[in-house]
Ligand SMILES: Nc1ncnc2c1ncn2[C@@H]1O[C@H](COP(=O)(O)OP(=O)(O)OP(=O)(O)O)[C@@H](O)[C@H]1O
Ligand SMILES: [Mg+2]
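Residue numbers (the working numbering), protein chains in the order written: chain H, 19 to 268; chain E, 234 to 703.
As structure tokens, this is what we get:
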């Protein structure tokens, strides 16, 4: 059997003294789309950060494996090169660095070769057109003064340009208008194929309406308490987390 | 291709700057300062009588002037150990092919002849105390523009003009290192742009320091008539030695009515350099001075270009950046004197400090009683890359006129860990992520520089970030 893309075992994550995740397990195989749901503050972004390798969180126990390699102590850039990508809930503003220059450097870093300018621009503009992002944004400073929706679209633009093996989308839909959600879900569908996988963190049904979801996980009490199929999404949307509370599998 | 490739941190080391010329100087004075040494310099340079007297008088002023009592210490600088005049074994030439190989190779490595071919109206190249190359494009000379080394200027057609302006804006009595400059100055460039002449492409003088334990004291004098314009670029660098070197240049700029002068500098000194440089411009009615300044390297720097807005409607813009790394103490800033009415100044200063580097920005602004309608805007922005580094801003604002509009803004911040993480999550190494953030921080300055210099500045930034190891 082939190795899972992502294998999170017994993950414990701290911020300072505070334990945020305790004994979380999660396995994602190539070709799968997983959704993570959970109340505000339940630790969804923390899980994403631990998989990406944020220095702000401390993995006090457990492991994160990617394609069979233990990446628990790897720096974020090395993880990115292996094919991990995180669309940030709150993307950073980087003054003085244009979207284009940034993305060209990022593609260069991930692929090991800085793409030729002309070819790169062509691809960038094509992807921007698909996402309905005006091309002038290529020469805007990264996320500086972007609206919430523009930031999210720019994250998806990065996803499409970097074409990772695992895409973690942390509330990629928050702050998006109805049409923009459609654009983002279209973008996601273009990205997905049999060799890659997605971990979608969301509070909304809308984003996943048009996406084929294989598994839904509920994060509660510092770990995943329930795993089910796509039907969990509408049950939670209708009745809140209480509606699925009795199903807890542990 | 875009010149502002903030993203391309290609492999680059300090080697280009650290290249030590193996040529032996033709002549150098003994270290220290005595009337005999000063007279020897005058002999060597075949000074006119007034200059001989001027040097000796400056030495007297030097001897009775105390060191500055403020700013970073200068304990590591002992004038008894400094050789103030080093003549390279080369005659001044107008043709790179006749410049001795060893010296020419240094300038080639720095890209000077290349820049001259591709986008400069003229080039001056100084090696230690003397100018080894000076030339101006014929078309530009035909407009009546004069661009020569200072020695030629002292004796040539414009001798009287030089004498009238030399160290009048920055007199030897101003501070100890200007007195020193008056005594031992050598080299530098003279520019005169006649009324109504616009020089469309820049002139550049490059000052290369090669000798260990020496001082460089070039003098730059630029005079613009009325309604003239010029962009002048000054570049400086030196290899690293274990003994202190001293740079005490002097730049005097006269901007005539309705004229516009942009003075761009990229200084990139090695870490044994005491850079105690003085620069000043006076601007007549409706004229503009624009300073663009990137200060890298040196052990200690004191540098505050000053703009005297003498005429009504005169303007100045100062855009500067400094980068202080381990062991460096950079005290920089700018001064503006608003004298004419409706004068305006816009100051934008950025500083970066890293590995315990210290950086101080001084903004000294005076508005005289009659300078009604003056507008001043100052913004200082400091970025510290770690918790050991220091950054201070010291505004000194003296306003004697009610009808003045002042905006002052200062920000001091640490580089954001979250931003570094964000960029690293896209595959950039920690150094590249920091380099990109710092490059972005510096972008408002680099975009003011001509193409190649913006690229050079970004290289210098990435060199500073990686500590010169690629
Ligand atoms: N840097 C930090 N310092 C202190 N506490 C933190 C830090 N980061 C996260 N936390 C805490 O960890 C818990 C989990 O936060 P996290 O951001 O992972 O939640 P979330 O599930 O993503 O919530 P939301 O749905 O609101 O985005 C919260 O209680 C939060 O306050
Ligand atoms: Mg979150």
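We treat Cβ as the ideally placed atom computed from N, Cα and C, and that holds for glycine.
Here the structure is a predicted model, which means the values were calculated and not measured.
{"Check": "Boundaries of the alpha helix (DSSP H) in which residue 197 of chain H is found, first to last residue", "Outcome": "196–209"}
{"Check": "The region 497–504 of chain E in contact with the region 526–535 of chain E per 3-pair CB rule at 8 Å", "Outcome": "yes"}
{"Check": "Close Cβ partners of residue 642 of chain E (< 6 Å) along its chain, the five nearest in sequence each way excluded", "Outcome": "612"}
{"Check": "Sheet register partners of residue 467 of chain E (DSSP bridge)", "Outcome": "E:438 and E:498"}
{"Check": "Partners in chain H for residue 674 of chain E, counting only beta-carbon separations shorter than 8 Å", "Outcome": "113 and 114"}
{"Check": "Closer than 6 Å: residue 63 of chain H CB and nearest ligand 3 heavy atom", "Outcome": "Although ligand 3 was asked about, the structure shown includes only ligand 1 and ligand 2 as ligands."}
{"Check": "Among E:620, E:328 and E:657, nearest to residue 128 of chain H - alpha-carbon criterion", "Outcome": "E:657"}
{"Check": "Residue 38 of chain H beta carbon near ligand 1 (any heavy atom closer than 6 Å)", "Outcome": "yes"}
{"Check": "Residues of the region 639–669 of chain E with Cβ closer than 9 Å to any Cβ of chain H, in chain order", "Outcome": "649, 650, 651, 652, 653, 654, 655, 656, 657, 658, 659, 660, 661, 662, 663, 665, 666 and 669"}
{"Check": "Between the CA atoms of residue 654 of chain E and residue 37 of chain H - distance to the nearest angstrom", "Outcome": "21 Å"}
{"Check": "CA-to-CA distance, residue 264 of chain E to residue 238 of chain E, given in whole angstroms", "Outcome": "In this predicted model, residue 238 of chain E has a pLDDT of only 38, less than 50, meaning its place in the structure is not dependable enough to derive any value."}
{"Check": "Proximal residues of chain E, C-beta to C-beta of residue 92 of chain H below 8 Å", "Outcome": "Those do not exist, as residue 92 of chain H stays about 11 Å from chain E at its closest Cβ, beyond 8 Å."}
{"Check": "Any non-hydrogen atom of ligand 2 closer than 6 Å to residue 107 of chain H Cβ", "Outcome": "yes"}
{"Check": "Beta-carbon proximity check, residue 551 of chain E vs residue 580 of chain E, cutoff 7 Å", "Outcome": "yes"}
{"Check": "Terminal residues of the alpha helix (DSSP H) in which residue 655 of chain E lies", "Outcome": "650–657"}
{"Check": "Cβ of residue 99 of chain H within 7 Å of any chain E Cβ", "Outcome": "yes"}
{"Check": "Validate contact between the region 628–638 of chain E and the region 61–78 of chain H using beta carbons, cut 8 Å, 3 pairs", "Outcome": "no"}
{"Check": "Candidates E:429, E:452 and E:390: closest to residue 402 of chain E by CA position", "Outcome": "E:452"}
{"Check": "Where residue 368 of chain E falls, given that 16 or more other Cβ within 10 Å makes a residue buried", "Outcome": "buried"}
{"Check": "Distance between residue 699 of chain E and residue 214 of chain H (C-alpha atoms, nearest Å)", "Outcome": "35 Å"}
{"Check": "Within-7 Å CB hit, residue 72 of chain H to chain E", "Outcome": "yes"}
{"Check": "Residue 489 of chain E beta carbon less than 7 Å from that of residue 457 of chain E", "Outcome": "yes"}
{"Check": "Cα-Cα separation, residue 556 of chain E to residue 690 of chain E", "Outcome": "11 Å"}
{"Check": "Closer than 8 Å at the beta carbon, the chain H residues around residue 677 of chain E", "Outcome": "114"}
{"Check": "Nonlocal neighbours in the same chain, by C-beta distance under 6 Å from residue 466 of chain E, ignoring five residues either side", "Outcome": "435, 437 and 497"}
{"Check": "Residues bridged to residue 233 of chain H (per DSSP)", "Outcome": "H:52"}
{"Check": "Exposure label - residue 280 of chain E; buried when at least 16 CB within 10 Å", "Outcome": "buried"}
{"Check": "For residue 94 of chain H, three-class secondary structure by DSSP", "Outcome": "helix"}
{"Check": "Residue environment, residue 340 of chain E, which counts as buried when at least 16 other CB atoms sit within 10 Å", "Outcome": "buried"}
{"Check": "Proximity of residue 512 of chain E and residue 558 of chain E at Cβ, strictly below 7 Å", "Outcome": "no"}
{"Check": "Any chain E beta carbon closer than 7 Å to residue 196 of chain H", "Outcome": "no"}
{"Check": "Environment of residue 28 of chain H [buried if 16+ CB atoms lie within 10 Å]", "Outcome": "exposed"}
{"Check": "Where the alpha helix (DSSP H) through residue 9 of chain H begins and ends", "Outcome": "Since the first residue of chain H shown is 19 and the last is 268, residue 9 of chain H is not available in this structure."}
{"Check": "Residue 223 of chain H: first and last residue of the uninterrupted alpha helix (DSSP H) it sits in", "Outcome": "223–227"}
{"Check": "Rounded distance between the beta-carbons of residue 65 of chain H and residue 46 of chain H, thought under 8 Å", "Outcome": "Their Cβ separation, rounded to whole angstroms, is 12 Å, which puts residue 46 of chain H and residue 65 of chain H out of contact at 8 Å."}
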